Structures are given as structure tokens and as C-alpha cells.
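Here is the structure we will look at, set down as C-alpha cells.
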Amino acid sequence: MQRILRMASPVWLFPALLAFGHAPAWGQVNLAGVWNNLQILHEDEPERLPGPELGDYLGVPINAAARYRADAWDASLITLPEYQCRVHPSDYSPSFASIRMWDEYDKDSQQLIAIHIHHFAWNTERTIWMDGRPHPPEYALHTSMGFSTGKWEGDVLSVYTTHLKEGWIRRNGLPRSDRATFTEHFIRHGENLTLITVIRDPAYLTEPMIRTRDYVYEIGGQIAPYPCESVEEVIRPKGKIPHHLPGTNKFLDEFPARHGIPPEAARGGADTMYPEYEDKLRGAK
Amino acid sequence: MNLRSLLLFVAAAGLACAQDSEVHVWPVQANIYMIVGAGGNITVQTGKDGVLVVDTGLAPMADKTLAAIKSISDGPIRYIINTHYHADHTGGNEKIRLAGSTIVGANVTGDIKDAGVGAAILSHINVLNRMSAPTGKEPPSPDGGWPTSTFLSDQKKLYFNGEGIDILHQPAAHTDGDSIVFFRRSDVISTGDIFTTTNYPIIDLAGGGSIQGTIDALQKIVDMIIPVYGQEGGTMVIPGHGRLCDFGDVLNFREMTIIIRDRVQDMIKRGMTLEQVKAARPTQDYDPLYGSTTGFWTTDKFVEAVYKSLKGEK
Numbered sequence: 015m016q017r018i019l020r021m022a023s024p025v026w027l028f029p030a031l032l033a034f035g036h037a038p039a040w041g042q043v044n045l046a047g048v049w050n051n052l053q054i055l056h057e058d059e060p061e062r063l064p065g066p067e068l069g070d071y072l073g074v075p076i077n078a079a080a081r082y083r084a085d086a087w088d089a090s091l092i093t094l095p096e097y098q099c100r101v102h103p104s105d106y107s108p109s110f111a112s113i114r115m116w117d118e119y120d121k122d123s124q125q126l127i128a129i130h131i132h133h134f135a136w137n138t139e140r141t142i143w144m145d146g147r148p149h150p151p152e153y154a155l156h157t158s159m160g161f162s163t164g165k166w167e168g169d170v171l172s173v174y175t176t177h178l179k180e181g182w183i184r185r186n187g188l189p190r191s192d193r194a195t196f197t198e199h200f201i202r203h204g205e206n207l208t209l210i211t212v213i214r215d216p217a218y219l220t221e222p223m224i225r226t227r228d229y230v231y232e233i234g235g236q237i238a239p240y241p242c243e244s245v246e247e248v249i250r251p252k253g254k255i256p257h258h259l260p261g262t263n264k265f266l267d268e269f270p271a272r273h274g275i276p277p278e279a280a281r282g283g284a285d286t287m288y289p290e291y292e293d294k295l296r297g298a299k
Numbered sequence: 013m014n015l016r017s018l019l020l021f022v023a024a025a026g027l028a029c030a031q032d033s034e035v036h037v038w039p040v041q042a043n044i045y046m047i048v049g050a051g052g053n054i055t056v057q058t059g060k061d062g063v064l065v066v067d068t069g070l071a072p073m074a075d076k077t078l079a080a081i082k083s084i085s086d087g088p089i090r091y092i093i094n095t096h097y098h099a100d101h102t103g104g105n106e107k108i109r110l111a112g113s114t115i116v117g118a119n120v121t122g123d124i125k126d127a128g129v130g131a132a133i134l135s136h137i138n139v140l141n142r143m144s145a146p147t148g149k150e151p152p153s154p155d156g157g158w159p160t161s162t163f164l165s166d167q168k169k170l171y172f173n174g175e176g177i178d179i180l181h182q183p184a185a186h187t188d189g190d191s192i193v194f195f196r197r198s199d200v201i202s203t204g205d206i207f208t209t210t211n212y213p214i215i216d217l218a219g220g221g222s223i224q225g226t227i228d229a230l231q232k233i234v235d236m237i238i239p240v241y242g243q244e245g246g247t248m249v250i251p252g253h254g255r256l257c258d259f260g261d262v263l264n265f266r267e268m269t270i271i272i273r274d275r276v277q278d279m280i281k282r283g284m285t286l287e288q289v290k291a292a293r294p295t296q297d298y299d300p301l302y303g304s305t306t307g308f309w310t311t312d313k314f315v316e317a318v319y320k321s322l323k324g325e326k
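Residue numbers (our numbering), protein chains in the order written: chain A, 15 to 299; chain B, 13 to 326.
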């Protein structure tokens with residue numbers, strides 16, 4: 015009895031709890047806090063603030079259908095009241111600006127239930143379920159944030175997301191379908207965080223689209239509100255959708271002309287992701 | 013394709029899809045549920061007054077559908093609302109009606125017990141017209157599944173299970189008898205085949221449908237929805253086929269339908285024939301989402317329907 019009591023004293027209990035409490039669902043690395051990318055806005059800067067140029071599909075593994083759809087896209091679409099507050103989807107939103115991450119633990123078991131992310135952009139929040147629950151059936155609602163489950167792979171948080179609403183690969187009309195899924199890897203190294211996103215879209219991509227973003231930890235960081243209220247910017251007949259009829263989008267030539275890029279390269283596709291594409295272009299000349 | 017051929021085609025196509033499929037129940041919000049896998053999607057509203065069902069799926073799936081309804085509520089089935097006449101939405105009418113009952117009284121002729129047999133089937137008058145036939149002719153659908161109560165105007169109102177239900181007729185959309193069903197307190201819209209997530213809009217020209225009517229009906233749904241933020245949440249939308257949806261999904265479908273209408277209209281203005289329009293592939297950017305080269309509603313059939321509808325042909 016005395017031996018048991020001694021074993022149960024706090025001195026023994028603490029390391030024992032650490033050992034037994036090291037369940038797979040426990041976070042390996044603390045990702046909680048505000049992660050800012052304001053110091054590194056130069057990283058893929060067009061995605062952060064102004065939006066990419068029209069007709070810039072360079073380095074994106076799109077198929078012909080995606081290209082055709084992007085060519086028809088008219089930026090005036092987002093002047094429609096019902097489109098003005100459309101949020102960035104979860105595979106794009108963290109590209110745009112700062113995020114706050116926090117953990118949710120079950121009070122009694124102290125098991126990690128979920129990791130939450132708040133995006134500055136459009137005030138959206140998503141949940142990464144860490145408790146092993148299954149993804150819902152296909153006929154469940156799809157959302158801009160999707161349904162995400164995560165697991166620790168060493169010190170890397172890996173996340174798989176399904177049930178997405180239709181979104182975009184770039185903000186110049188390049189579509190990402192509601193059939194897409196994506197995998198993310200959150201990698202913390204000191205005060206820096208790297209987020210790798212791998213998007214797979216059977217409708218519009220011929221190869222996975224890989225994107226990375228970097229953030230810096232901000233002690234005491236705050237994220238501003240992002241309210242949105244739509245207004246009538248342009249008076250139009252009800253049901254009018256701005257778009258370019260096939261072959262009439264005169265803006266598509268501006269991007270390659272401005273930057274001295276071969277027009278065929280600006281059209282994108284998996285080839286344009288790889289260094290060998292330069293050789294291919296040289297060979298074509 | 014004539015009306016009878018289309019009806020049989022829809023039923024056969026739906027049956028082929030449904031034969032080896034299971035029926036699933038999915039909660040939507042408040043006291044509304046969605047049943048998938050029985051043909052067209054089925055909406056179920058439950059409460060103290062009993063059960064109300066929007067559409068009934070395919071006839072061969074009726075037993076599974078009924079079991080699914082009973083798994084949600086063992087209350088009496090009082091009402092069936094049909095969004096349109098196609099067999100993948102009305103095939104289970106007879107069996108599900110007979111599993112329910114109607115509250116009757118007042119000026120009933122004959123045996124009052126007989127008057128209460130079966131749930132009431134509500135629809136626009138054009139649904140009954142499409143399912144029935146003049147005396148002496150063979151009707152397209154068995155009479156046990158015909159609507160028992162029809163309306164002729166653009167709206168029928170119902171109060172059931174503590175909420176107002178708007179049944180809104182949409183002329184010349186998917187067919188000439190389409191209704192949108194809006195559960196006002198639950199904030200759920202059941203669209204029938206005006207809106208689907210699995211295919212291009214099915215425009216049943218022989219059944220009185222049209223491309224412009226489809227766009228007008230989609231616009232009506234857009235106008236009725238109030239999202240929580242951006243394009244999401246708030247009003248839930250149960251499509252005729254496919255997954256549960258909300259505002260953003262309907263907007264995307266409306267956008268696609270209008271853009272393709274505009275492209276085909278432009279091609280017609282330029283004097284292109286139907287074959288030339290098909291060859292130009294005006295749907296090619298949306299084909300990965302909605303297109304099909306096989307089955308009942310191919311991309312070619314959709315383009316042809318849009319073309320003929322815009323030219324005023326049947």
C-alpha cells in the first residue's frame with residue numbers, strides 16, 4: 015500500500031502522465047497564434063493584393079476546359095451584388111493574408127478535437143477535425159471551407175479536405191471545381207510557418223497544383239474584422255451575367271505583350287510548370 | 013423525342029441508376045430531411061401534424077423510400093407534393109400515398125372512410141394533365157399515382173407542421189408543370205429538376221419546358237434565398253438530383269445556364285445551324301462538370317434543346 019501511495023505521488027505521476035498521455039491525437043507542435051505574412055508580401059504578390067493579370071495562366075496545370083472558361087471570365091462578374099461577398103475558398107484564403115490558428119481540446123480527456131483557422135480574408139473560419147471522424151457522404155453540403163481532417167506526421171500537420179464549393183485557382187477566372195480535394199502540410203520551423211497546399215481537381219487540372227506560402231509568428235498579433243455588405247454597383251437587368259463570348263476577350267493578349275512572354279506560354283498547362291519548357295520554347299523558335 | 017418516349021426514357025435511365033443503389037436519409041435543417049438514391053431527390057418534412065413528402069422517386073424504389081420515410085417519422089403521411097410529372101419523381105406516388113391518409117369530413121359523398129384513404133397528392137394542374145389521358149386512351153402513368161388536388165394559378169399555400177409552405181408554379185421551365193416548394197420556417201427550398209448538380213439543365217421541350225423558363229425559375233430561386241454570409245448558409249436548397257446545396261451552388265448553376273444560353277443565342281444570330289453549333293462545342297468549359305456522352309441526357313441533347321428552345325421549335 016505504501017509502495018502504491020509513493021508511486022501515486024506527484025513526483026512519479028508527472029512523467030507517467032506524460033508517457034501515457036502521448037496519444038496519437040495530441041499536437042506535436044504548437045501552431046496556435048497569429049501567423050502574419052505582411053513582411054513577405056512579395057511572395058506571389060499578385061495573389062495577395064491586386065490579383066493576377068488577365069490571361070496569366072503560366073505555370074498552372076490546367077486543361078483545355080479550364081482555359082476556355084477562364085478566357086470567358088469577365089471581372090465585371092464580381093460587381094454583381096450576389097458575387098461581391100463571395101469568400102475566398104480555403105485552398106486560396108490563406109494565400110491572401112494573415113491567419114490565426116487555435117486548438118480545441120476535450121475538457122475531460124484533454125484529447126485534441128480540432129484545430130481551427132481564422133482567415134483575415136473575408137472573415138472565414140475553418141475546422142480541421144483531429145479526432146478521427148470520417149468525411150461525410152458525397153451528397154452532404156459542400157462549402158467554401160470544405161470538410162477537413164488532420165493528422166500529425168512527425169512534427170508536420172497534414173490535412174485532407176473534401177466537400178468544397180466551386181472556387182478558383184487564381185483570381186483571373188481560372189476555375190477550381192467542386193470535385194477538387196486538397197492536401198495541406200503545415201510545417202513550423204521556429205518563428206516561421208510554411209504551408210504547402212496540393213490541389214487535385216479531376217475537372218480542371220491535369221496534374222496536382224502545388225502552392226506554398228510562408229508566415230511569420232506575431233506575438234500578440236491581432237486580426238482586423240472583415241465585414242462585407244453588397245451594394246448595387248452597376249444597374250443591370252436581372253439575370254445578366256457578364257462574360258466574354260468565345261473569341262472576343264481582347265484582354266488576353268495584354269499579359270504576354272507587357273512582359274515579353276511568348277503567348278503560348280501564357281496559356282498555361284502542365285508543361286509550363288517545368289524548367290524543360292524553356293527548352294521546348296527555344297526549340298520551337 | 014415525343015412525350016411518351018421522354019417519360020419512358022427518364023424512367024428507364026433513373027431505374028438503371030437506382031437498381032443497385034441504396035436509399036439514404038440526410039438531415040437538412042429544422043424538421044426537413046433529404047432522401048437520396050431512390051431516383052430524384054425526395055424532401056421529407058415531419059412534425060406534430062404528420063409527414064409531408066415532396067416527390068416520391070422511382071416506382072421500383074418505393075418500398076425502400078417508404079422505409080426511409082418511416083425511419084425519420086412513424087407519423088401519418090398526409091401530403092405528397094409533386095414538383096413535376098417525370099417518373100423518377102412521381103413513380104412512388106401510389107405506394108406512398110396508400111401508406112398515408114387524409115383527414116376528411118364535412119360534405120363527403122359516399123363512405124367517409126373511403127375518402128380518407130391515402131395521402132393527398134398536390135401539384136400544378138399540368139402535372140395531372142401530363143400523367144393522365146382522356147377517357148378511353150391509355151394514360152402515361154397509372155391512375156393510382158395521379159395528383160388528387162391540383163392548382164391552376166401561380167401559387168398554392170399550405171400550413172403544415174407549424175410552418176407555411178409555398179408551392180410556386182414555374183411556367184415552361186424544366187416542364188410546364190414545375191413547382192418550387194419553399195418551407196418558410198425551416199428555410200428550405202425543394203427545387204425539383206429546375207436545379208440539379210449532376211447534369212446540364214434537362215429541358216423537356218415536349219413537356220412544355222424551355223431554356224428561358226429554366227433561367228427565370230433559377231432566378232426565382234436565387235431571389236428567394238437569403239444566405240448567412242457571402243454565398244453560404246441560411247436557406248438550404250434540395251436539388252432534383254445531386255447533393256444538398258445553398259446559395260453559391262444555385263448561383264454557379266444559373267451562371268452556367270445563362271452563359272451557354274448567350275453563346276448559343278449568339279451562334280443562332282450568326283446563322284449557324286444546329287450541327288454547326290454542336291460542332292463549336294459551346295459547353296466545352298462546363299462539360300467536365302455537367303456533360304455526358306452517354307445516357308439519357310447527353311451534352312448534345314442539351315445543346316439541341318437550347319438551340320430549339322431559342323428558335324421556338326419543339
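Here a beta-carbon is modelled for each residue, glycine too, at the ideal position from N, C-alpha and C.
All of these numbers come straight from a predicted model, not from anything done at the bench.
Asked                                                                                                                                       : Found
Backbone secondary structure at residue 71 of chain B - three-state DSSP                                                                    : helix
Any chain B beta carbon closer than 9 angstroms to residue 13 of chain A                                                                    : A question about residue 13 of chain A goes unanswered here, because the residues of chain A that appear run from 15 up to 299.
Neighbour flag for residue 255 of chain A against chain B, beta carbons, 9 angstroms                                                        : yes
Interface partners of residue 36 of chain B on chain A, CB under 8 angstroms                                                                : 151 and 153
Interface partners of residue 263 of chain B on chain A, CB under 8 angstroms                                                               : 96 and 97
Simplified DSSP state of residue 32 of chain A, which is helix, strand or coil                                                              : Summary for residue 32 of chain A: the model assigns pLDDT 41, below 50, so the residue's position carries little reliability; its value from the coordinates is reported in the next sentence. If DSSP states are grouped into helix, strand and coil, residue 32 of chain A belongs with the helices.
Any C-beta of chain B under 9 angstroms from that of residue 77 of chain A                                                                  : yes
Alpha-carbon spacing of residue 46 of chain A relative to residue 116 of chain A, whole angstroms                                           : 4 angstroms
Local Cβ density within 10 Å of residue 319 of chain B, reported as buried at 16 or more and exposed below that                             : buried
Strand pairing of residue 203 of chain A, partner residues [DSSP]                                                                           : A:206
C-beta neighbour in chain B for residue 137 of chain A, strict 9 angstroms                                                                  : yes
Backbone secondary structure at residue 37 of chain A - three-state DSSP                                                                    : Bear in mind that a pLDDT of 45 at residue 37 of chain A, under 50, signals an unreliable position, so the model cannot answer this.
Run of the beta strand (DSSP E) containing residue 232 of chain A, from where it starts to where it stops                                   : 223-232
Chain-ordered neighbours of residue 299 of chain B on chain A, where CB pairs are closer than 7 angstroms                                   : 79
Nonlocal neighbours in the same chain, by C-beta distance under 7 angstroms from residue 183 of chain B, ignoring five residues either side : 225
8 angstroms Cβ cut-off: residues of chain B touching residue 191 of chain A                                                                 : 300 and 301
Expected contact under 8 angstroms - CB spacing of residue 265 of chain B and residue 207 of chain B to nearest Å                           : 6 angstroms
Contacts that residue 157 of chain A makes with chain B (C-beta to C-beta distance below 9 angstroms)                                       : 244, 245, 258 and 260
Residues that residue 257 of chain B bridges to, as DSSP identifies them                                                                    : B:249
Residue 182 of chain B - DSSP class collapsed to helix/strand/coil                                                                          : strand
Ordered list of alpha helix (DSSP H) runs contained in the segment 238-284 of chain A, each at least 4 residues                             : 268-273 and 277-280
DSSP-derived helix/strand/coil call for residue 127 of chain A                                                                              : strand
Interface partners of residue 267 of chain B on chain A, CB under 7 angstroms                                                               : 255
Proximity test, residue 79 of chain B beta-carbon vs the ligand ATP heavy atom, cut-off 8 angstroms                                         : The ligand ATP is absent from the structure shown, which contains no ligand whatsoever.
Burial state of residue 55 of chain A, where buried means 16 or more other Cβ atoms lie within 10 Å                                         : exposed
Contiguous alpha helix (DSSP H) assignments of at least 4 residues, all confined to the segment 289-318 of chain B                          : 299-302
Rounded separation between residue 81 of chain A and residue 146 of chain B - CA only                                                       : 53 angstroms
Burial state of residue 60 of chain A (16 or more Cβ within 10 Å)                                                                           : exposed
Cβ of residue 254 of chain B within 9 angstroms of any chain A Cβ                                                                           : yes
Residue 115 of chain A - partner residues in DSSP beta bridges                                                                              : A:47 and A:131
Sequence-distant residues of its chain with Cβ nearer than 6 angstroms to residue 250 of chain B (five each side left out)                  : 46, 53, 55 and 202
Positions along the segment 217-229 of chain A whose CB lies within less than 7 angstroms of some CB in chain B                             : 217 and 218
Expected contact under 8 angstroms - CB spacing of residue 155 of chain A and residue 258 of chain B to nearest Å                           : 7 angstroms
Chain A contacts from the segment 170-193 of chain B (Cβ-Cβ distance under 7 angstroms)                                                     : none
Best match in B:159, B:129 and B:289 for proximity to residue 67 of chain B [C-alpha to C-alpha]                                            : B:159
Chain-ordered chain A contacts of residue 234 of chain B [CB-CB under 8 angstroms]                                                          : 96
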